[in-house]
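Residue 39 is where the sequence shown starts when you use our numbering, and the numbers rise one by one after that.
What follows is one structure encoded as structure tokens, with my remarks underneath.
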Amino acid sequence: MINLLPEMAEIWQQTVNWQPSVQQQAQFQRLYELILEGNRQLNLTRITDPQEFWEKHLWDSLRGIAPHGQFISSFQEGASAIDIGTGAGFPGIPLTITAPNCPITLMDSTRKKINFIEKVLTELALINAKTLVGRAEEIGQQTEHRQAYDIALIRAVGTASVCAEYTLPLVKQGGLAIIYRGNWTEDETTALENAVKQLGGVIELIEKFITPITKSIRHCIYLRKVTTTPVQFPRTTGVPAQKPL
Ligand code: SAH
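Spelled out as structure tokens, the structure:
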């Protein structure tokens, strides 16, 4: 087989203090194969080289839930999470594989992507995740989902302020929103602070790190929800992106 993912046991150990089991490595490999296959019909990802897939999809997804290089401890205790705009399943599917005792919701506005995700969940025998088709602006106003999750994750969906408006309404008081970014500037911190305050959160940590193979810059922004999000958030579909807080 040409498209075999690297194992990278030592890098996993050094960067997130964890290593995949044989079963988890097999699930990563199957996920990779399904994405290569799915790419023929759906535009799932540009990243198809095995090393690059490992770094930009698997490692990047999991490093985000390991601030200071340590998996968030609530994932050992069955914390619930929602991945907003999961696309081909990032960061949500690597999390589902890594935290088999945690209920994970994989959400996207595109039905076709969710159909793909459902196939992946079946093929990988992942029973701790379920899917949800919808827009963050709508889901965030539904009582079933609003303030219902311990952790919300979001990668490559919009600017940080938009991501804050999509995530924080879904997070329980005391819970965490994690926004995945590439580069980050002081100006973005200022804009985000203003948005987060209106949404009932605080910026707890902005962590910069370097990816282990290509040495690219990444940031993860950790927002702690400290009080209830006012009912007007999230605003109706399209408004968060058109008029960012
Ligand atoms: N998180 C994945 C995919 C990013 S692409 C990754 O990092 O690889 C952005 C995805 O967000 C797309 O699949 C798109 O359908 C979805 N999306 C965009 N706006 C959304 C919204 N308001 N609510 C839910 N999903 C949204």
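Here a beta-carbon is modelled for each residue, glycine too, at the ideal position from N, C-alpha and C.
Give the DSSP bridge partners of H257, in chain order.
-> R219, K246
Within the stretch 104–184, ranges of the alpha helix (DSSP H) (whole runs, at least 4 residues) | 130–136, 149–161, 174–177
Could you give the residue range of the alpha helix (DSSP H) that holds I49?
-> 47–54
From the DSSP output, read off the bridge partner residues of L191.
-> D121, I216
Alpha carbon to alpha carbon, how far is E48 from I122? Give it in angstroms, no decimals.
-> 30 angstroms
Which residues does DSSP pair with I241 in a beta bridge?
-> L261
Per the contact definition of three or more C-beta pairs closer than 8 angstroms, is the stretch 250–263 in contact with the stretch 86–102?
-> yes
So who's on the other strand from V209, going by DSSP bridges?
-> Y187
DSSP on F66, reduced to helix/strand/coil?
-> helix
Between L159 and the rest of its own chain, which residues show a CB-CB distance below 6 angstroms, the 5 nearest in sequence each way excluded?
-> A167
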